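Reviewing the structure listed below.
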Amino acid sequence: MINSANGMMSTAAAASSSSASGNAQSPGLKTYFKTPEGRYKLHYEKTHPSGFLHYTHGKTVTQVTLAHLKDKPSPSTPPASSSTFGASTGVRSAAARFLISSNGSRALSFVGGNGGSKSVNASKVGSLGVSSSTSVSSTSNFDGKGTYLIFNVGDAIFISDLNSQDKDPIKSIHFNNSNPICHAFDQDAKDGHDLIIGLSSGDVYSVSLRQQLQDVGKKLVGAQHYNKDGSVNNRQGGVLDCLLLLVPLAKQHDITMIFAAIFVLVGHNSSEGRCTSVAWVPGGDGAFVVSHTDGNLYVYEKASYHVSKDGAGDSSFPVIKDQTQFSVSHARYSKSNPVARWHICQGSINSIAFSTDGTYLATVGRDGYLRVFDYSREQLVCGGKSYYGALLCCAWSVDGKYILTGGEDDLVQVWSMEERRVVARGEGHNSWVSGVAFDSYWSSPNSGGTENVTYRFGSVGQDTQLLLWELEVEEIAVPVRRLPGGSPTYSAGSQSSHWDSVCPIGTLQPAPSMRDIPKLSPLVAHRVHTEPLSGLIFTQESVLTVCREGHIKIWIRPGVADNQSNNAETVLSTSLKEKPSLSSKVGNSSYKQ
Amino acid sequence: MDFVELDPFESEKDLFFVFGDAAGALYFCVPFREQLLEYYSNNKNIGDVEENLLTCLADLFSQISSQKKKTGVIAPKRFVQRLKKQNELFRSYMHQDAHEFLNFLLNELVDILEKEAQAAKSDQESSSPSENVANGPKSAQANGSTQKEPLVTWVHKNFQGILTNETKCLRCETVTARDETFFDLSLDIEQNSSITSCLKNFSSTETLNAEDKFFCDKCCSLQEAQKRMKIKKPPHILVIHLKRFKYIEQLGRYKKLSYRVVFPLELKLSNTVEDADSEYSLFAVVVHVGSGPNHGHYVSLVKSHNHWLFFDDENVEMIDESAVQTFFGSAQEYSSNTDHGYILFYESLGTSNKS
Chain A
1 MINSANGMMS TAAAASSSSA SGNAQSPGLK TYFKTPEGRY KLHYEKTHPS
51 GFLHYTHGKT VTQVTLAHLK DKPSPSTPPA SSSTFGASTG VRSAAARFLI
101 SSNGSRALSF VGGNGGSKSV NASKVGSLGV SSSTSVSSTS NFDGKGTYLI
151 FNVGDAIFIS DLNSQDKDPI KSIHFNNSNP ICHAFDQDAK DGHDLIIGLS
201 SGDVYSVSLR QQLQDVGKKL VGAQHYNKDG SVNNRQGGVL DCLLLLVPLA
251 KQHDITMIFA AIFVLVGHNS SEGRCTSVAW VPGGDGAFVV SHTDGNLYVY
301 EKASYHVSKD GAGDSSFPVI KDQTQFSVSH ARYSKSNPVA RWHICQGSIN
351 SIAFSTDGTY LATVGRDGYL RVFDYSREQL VCGGKSYYGA LLCCAWSVDG
401 KYILTGGEDD LVQVWSMEER RVVARGEGHN SWVSGVAFDS YWSSPNSGGT
451 ENVTYRFGSV GQDTQLLLWE LEVEEIAVPV RRLPGGSPTY SAGSQSSHWD
501 SVCPIGTLQP APSMRDIPKL SPLVAHRVHT EPLSGLIFTQ ESVLTVCREG
551 HIKIWIRPGV ADNQSNNAET VLSTSLKEKP SLSSKVGNSS YKQ
Chain B
1 MDFVELDPFE SEKDLFFVFG DAAGALYFCV PFREQLLEYY SNNKNIGDVE
51 ENLLTCLADL FSQISSQKKK TGVIAPKRFV QRLKKQNELF RSYMHQDAHE
101 FLNFLLNELV DILEKEAQAA KSDQESSSPS ENVANGPKSA QANGSTQKEP
151 LVTWVHKNFQ GILTNETKCL RCETVTARDE TFFDLSLDIE QNSSITSCLK
201 NFSSTETLNA EDKFFCDKCC SLQEAQKRMK IKKPPHILVI HLKRFKYIEQ
251 LGRYKKLSYR VVFPLELKLS NTVEDADSEY SLFAVVVHVG SGPNHGHYVS
301 LVKSHNHWLF FDDENVEMID ESAVQTFFGS AQEYSSNTDH GYILFYESLG
351 TSNKS
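Sequences listed follow chains A and B, in order. For the first sequence, the tail end lands on 593 under the UniProt record's numbering, and the numbers increase by one without skipping. For the second sequence, the tail end lands on 355 under the UniProt record's numbering, and the numbers increase by one without skipping.
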């Protein structure tokens with residue numbers, strides 16, 4: 001063996017080996033990236049307090065929600081024409097989730113027979129009823145106006161001021177027994193509760209963001225509590241299967257093989273009920289939906305407050321007969337919450353997104369399928385499968401014509417609502433795609449006269465990269481952006497016949513082969529973090545990227561930063577306030593009113 | 001890989017873990033198990049078959065599968081003794097490499113089956129059971145590099161794939177294709193990447209130049225060339241070995257790479273010669289636990305009856321499918337997490353093993 005290297009050499013070796021594989025620490029990361037329209041510069045970084053030890057590290061993945069708090073609300077907030085920032089841009093990327101919590105990995109117990117341990121959680125759906133809808137009266141010297149980032153890390157929710165240089169959050173909210181997983185904000189929420197938070201226990205809270213900011217404590221205040229202890233999910237957990245497993249075991253010292261025949265109780269355990277994604281129903285009058293790892297999605301209506309504590313407010317739903325089939329059940333009592341359960345698929349629903357006008361709801365999940373539902377009719381419209389593996393995230397274009405998905409096949413897929421099929425696949429990530437979003441603020445530079453529409457979108461992946469893409473769509477024609485080398489060759493039949501062969505309503509399509517779908521290559525690929533990423537948001541001034549461990553970077557768009565190196569704060573706040581002048585190219589008629 | 005022995009007390013154990021994990025994964029590989037058991041049932045009546053690794057393993061699997069008791073203990077003593085007898089590597093007090101073990105085992109089984117088949121042929125003994133399973137169609141190998149006539153055993157049918165190594169001389173542009181068979185793919189890994197990406201890199205075009213030129217038969221000289229590996233025939237059971245133990249020249253030793261390499265529960269191969277598009281499903285993962293190459297521990301994850309089981313010594317737990325994700329590796333170099341997926345077993349969901 002070669003004599004051992006000294007310390008200097010070993011560090012050099014480590015450095016060289018790691019840089020080759022892209023493992024450099026932050027110094028290796030550039031603070032800008034170039035695009036055809038100019039440089040995006042790193043403007044601010046936000047993170048959790050450095051001393052914050054999240055013991056649960058790795059179990060939860062940070063997601064971020066952008067929240068714009070308007071001026072102090074008058075008792076009835078006028079329905080402004082602006083939209084929610086987060087909800088429609090599909091930011092709630094559902095990165096792959098770590099579910100190794102103690103309730104996720106259950107030790108096998110040797111149970112003879114079909115041991116009747118049906119544990120039905122008997123706790124009532126939370127009539128915690130601290131509900132305080134018009135909450136602002138108490139400490140009213142703080143109106144909370146501004147734009148905030150809400151993000152979860154470990155057992156806490158942090159809130160940062162987007163427009164301050166401060167890296168640290170201005171507020172933290174800790175949860176006792178469970179971790180927050182997902183959140184959504186609706187700036188037009190009418191009764192003050194504008195923020196919903198879904199937890200790993202399956203619990204859901206709705207609160208007023210302003211009220212949280214006004215409170216000095218570290219607990220959630222004035223919260224409405226739904227699905228307490230996951231009681232609604234667990235209620236269906238009665239199905240016990242008996243399975244005989246023959247288990248060869250390696251034993252340590254005497255080299256023996258242990259044989260265990262084990263009856264395994266198969267039922268819903270609590271890890272299956274955890275929340276994965278929450279979304280306000282656009283124009284839904286305070287209704288929201290929550291998706292879970294057990295393949296269920298629950299619909300909550302804010303209007304139906306829990307009427308009493310005697311259980312009348314509990315919803316109960318029948319046992320799902322066929323886990324593989326889509327089914328919707330409504331609560332028996334009109335005043336209970338949740339009002340409906342949609343059983344969507346076997347396995348987890350990883351992410352959900354409403355089309356901007358609220359007509360359609362898209363879901364993606366463990367089974368690799370994108371499903372698009374007509375929300376009010378509660379019907380499956382269309383859907384299709386990933387190339388392989390689970391889908392992790394989805395997002396709508398503002399005009400509702402396209403849906404992006406990203407998943408474990410490292411691909412970004414573009415789904416056309418008109419054609420009801422995958423129309424392009426983006427290849428460029430070196431790992432799973434954990435966040436996708438259309439950039440609705442971007443407008444094509446050469447938008448003059450042609451019939452082509454170009455969509456700009458972005459994706460982030462567990463390869464720590466942010467990728468930007470463009471999809472050029474000729475009106476009517478098949479959207480193809482042919483690239484040198486890998487251009488797809490349509491067989492004579494498929495192109496001409498694709499209009500006729502639009503699949504019938506309500507069917508799911510299998511994954512097309514790679515060569516049948518046009519390939520896209522990224523316009524820009526930039527390594528933005530050292531950790532795998534979990535999401536991105538486009539705003540008018542910037543692109544936000546967030547990594548699984550809870551670090552957020554704000555990349556200011558070219559032009560915005562150039563003039564305002566020091567004083568960008570004012571620009572940010574004002575223009576964000578005036579809000580989405582929607583990109584001119586996509587008709588905004590369908591935009592939420 | 002000659003791992004230096006560190007802890008003599010660990011070694012016996014490790015040998016076992018090697019066995020428990022790689023062979024355990026084999027046990028749960030249904031076609032492999034079925035064919036081995038078939039072999040066993042065909043063979044057991046012939047009393048005088050000389051003991052070898054194959055008979056030991058078949059015996060062991062048979063004991064397992066014919067077990068009527070709900071719980072119990074079976075000592076695989078014969079198998080382990082045989083293993084130690086047969087290969088020096090597994091005899092000493094060294095930390096064993098699961099990948100090496102698997103390789104050794106599969107190759108050994110093939111050797112035994114081939115010998116039996118040849119013996120059967122020369123004896124014209126129609127009763128030889130091995131012939132029934134071993135006389136499949138001749139391998140599609142284009143090259144006759146092996147001296148022996150290639151024989152397709154059921155080990156081949158399950159695990160063997162064919163790689164084609166295409167080399168294009170940059171001077172005369174002649175493409176030379178050379179096929180080679182494999183039982184597993186050893187992939188170089190990168191930080192924060194996926195198996196999909198590692199497979200892509202495995203098949204990416206490499207330029208041979210400078211010191212590493214290619215001898216072109218047509219030009220009759222060393223030339224610059226482009227080389228790439230593609231999968232000509234995907235195996236029924238795809239075994240992927242992540243090269244987590246890397247020799248770092250500057251250090252003069254092996255180092256364990258704790259990189260985060262994500263592996264999906266379903267996979268398709270894109271680096272095939274033909275557009276195969278057949279889907280694989282993950283059914284077992286051998287996990288190396290530990291921060292270095294010289295010590296550590298193996299545990300394994302196995303999917304059985306649609307449930308994931310976690311094997312660690314005599315502890316078996318049922319785990320949630322999503323818990324598989326905790327064995328991807330660490331996104332940062334220094335991490336307390338040392339449990340890393342090392343060998344992945346995927347089974348083809350497509351048409352059952354033909355060839």
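C-beta atoms are modelled at their ideal positions from N, C-alpha and C, and glycine is treated no differently. Computed from a predicted structure; not experimentally measured.
Give the interface partners of Thr464 (chain A) over in chain B, defined as CB-CB distance under 9 Å, in chain order. Listed along chain B, the residues sitting closer than 9 Å to Thr464 (chain A) by beta-carbon distance are Gln191, Asn192, Ala331.
Suppose the cutoff is 6 Å on Cβ atoms and the five residues either side in sequence are ignored; what does the same chain contact list for Tyr254 (chain B) look like? Phe245, Tyr247, Pro293
Any beta carbon from chain A within less than 8 Å of residue 356 (chain B)'s own beta carbon? For residue 356 (chain B) there is no data in the structure shown, the boundaries of chain B being 1 and 355.
Glu249 (chain B) to Tyr402 (chain A), Cα distance in whole Å? 50 Å
Cβ of Asp277 (chain B) within 8 Å of any chain A Cβ: Yes, its Cβ sits closer than 8 Å to a Cβ of chain A.
Out of curiosity, what's the CA-to-CA distance linking Thr196 (chain B) and Leu269 (chain B)? 8 Å
Would you please verify whether the beta carbon of Arg33 (chain B) is less than 8 Å from any beta carbon of chain A? no
Own chain partners of Ala362 (chain A) with C-beta closer than 6 Å, once the 5 adjacent residues on each side are dropped: Ala353, Val372, Cys394, Ile403
Just the chain A side, please: which residues come within less than 8 Å of Ser270 (chain B) by C-beta, in chain order? For Ser270 (chain B), the neighbours in chain A by C-beta distance under 8 Å run, in chain order, Met514.
Chain B contact residues for Ala530 (chain A), given Cβ-Cβ distances below 8 Å: It is worth fixing the name first, because residue 530 (chain A) is Thr in this sequence and not Ala. Chain B residues near Thr530 (chain A): Ala331, Gln332.
Where does Phe175 (chain A) fall in DSSP's three states? coil
Quick one: complete beta strand (DSSP E) runs, 3+ long, within the stretch 176–239 of chain B? 185–187, 206–208, 214–216, 221–223, 225–233
For Cys382 (chain A), name the three-state secondary structure that DSSP assigns. strand
Give a yes or no on whether 8 Å exceeds the smallest Cβ distance from Pro264 (chain B) to chain A. yes
Please state the DSSP three-state secondary structure of Ile343 (chain B). If DSSP states are grouped into helix, strand and coil, Ile343 (chain B) belongs with the strands.
Determine the chain B residues that contact Tyr369 (chain A) at a beta-carbon separation under 7 Å, and present them in chain order. Chain B residues near Tyr369 (chain A): none, gap ~12 Å exceeds 7 Å.
Specify the secondary structure class of Lys115 (chain B) as computed by DSSP and reduced to three states. In this structure, Lys115 (chain B) counts as helix in the three-state DSSP scheme.
Considering Cα atoms alone, identify which of A:Arg210, A:Gly535, A:His183, A:Ser376 is closest to Arg548 (chain A). A:Gly535
Lys268 (chain B) (DSSP reduced to helix, strand or coil): strand
For the stretch 315–332 of chain A against the stretch 192–211 of chain A, are there 3 or more C-beta pairs whose distance is under 8 Å? no
Mind checking whether the beta-carbon of Lys255 (chain B) lies closer than 7 Å to any heavy atom of the ligand COA? Ligands displayed in this structure: none; no statement on the ligand COA is therefore possible.
Test: Asp294 (chain A) CB closer than 8 Å to a CB of chain B: no
For Glu279 (chain B), three-class secondary structure by DSSP: If DSSP states are grouped into helix, strand and coil, Glu279 (chain B) belongs with the strands.
Can you list, in chain order, the residues of the stretch 411–435 of chain A whose Cβ is nearer than 7 Å to any Cβ on chain B? Asn430, Ser431, Trp432
Is the beta carbon of Ser459 (chain A) less than 8 Å from the beta carbon of Val412 (chain A)? yes
Contacts of Tyr40 (chain A) in chain B (Cβ-Cβ under 9 Å): The contacting residues do not exist; Tyr40 (chain A) stays about 21 Å from chain B at best.
Determine the closest residue to Tyr375 (chain A) out of A:Val289, A:Ser348, A:Thr454, with distance taken between C-alpha atoms. A:Val289
Bridge partners for Phe33 (chain A) per DSSP, in chain order? A:Tyr40
Any idea which residues DSSP pairs Ser542 (chain A) with across the strands? A:Ile556
Tell me the DSSP secondary structure of Thr356 (chain A) in three-state form. Of the three classes helix, strand and coil, the one that applies to Thr356 (chain A) here is coil, per DSSP.
For Phe310 (chain B) versus Val299 (chain B), is the C-beta spacing smaller than 8 Å? yes
Measuring alpha carbon to alpha carbon, tell me which of B:Asp313, B:Lys303, B:Asn315, B:Glu333 ends up nearest Leu344 (chain B). B:Lys303
Specify the secondary structure class of Leu109 (chain B) as computed by DSSP and reduced to three states. helix
Quick one: Cα of Glu333 (chain B) to Cα of Asp463 (chain A), how far? 15 Å
Mind listing the chain B neighbours of Glu408 (chain A)? Cutoff is C-beta to C-beta under 7 Å, in chain order. Pro264
Give the DSSP-derived three-state secondary structure of Leu36 (chain B) in the structure shown. Note: Leu36 (chain B) maps to helix in three-state DSSP.
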